[in-house]
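Numbering (the UniProt record's numbering), first residue to last: 1 to 106. Using N, Cα and C, we set each Cβ at its ideal position, and we do this for glycine too. As the structure is a computational prediction, the values presented were derived from the model and not from experiment.
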């Protein structure tokens with residue numbers, strides 16, 4: 001039952017688009033109004049909803065890109081710290097070997 005209504009709604013939307021295109025009218029001229037209870041959405045309302053969703057997704061993608069860049073910067077800083085720590089460990093090991101050699105001599 002719901003499938004029939006959806007299918008008929010799609011057919012009606014397609015017929016509305018065809019009628020509007022063949023008569024030279026533009027679907028963009030009709031402002032997308034609020035949907036009445038139980039009413040099928042018009043093509044303009046569907047396009048407006050798609051555009052709104054697309055804009056929201058683009059905003060989310062931009063926010064994710066910023067987060068990714070911040071994480072990359074954090075990783076670079078951590079990698080630099082790790083390299084510095086490794087160098088310190090190597091220097092301390094070298095100093096320890098030198099001290100061991102000095103103690104052995106004494």
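Looking at the backbone, the Cα of residue 84 and that of residue 57 are separated by about 40 Å. Secondary structure of residue 39 (DSSP, three-state): coil. Distance from the CA of residue 47 to the CA of residue 63, rounded to the nearest whole angstrom, comes to 24 Å. Residue state for residue 70 is assigned as helix, using DSSP reduced to three classes.
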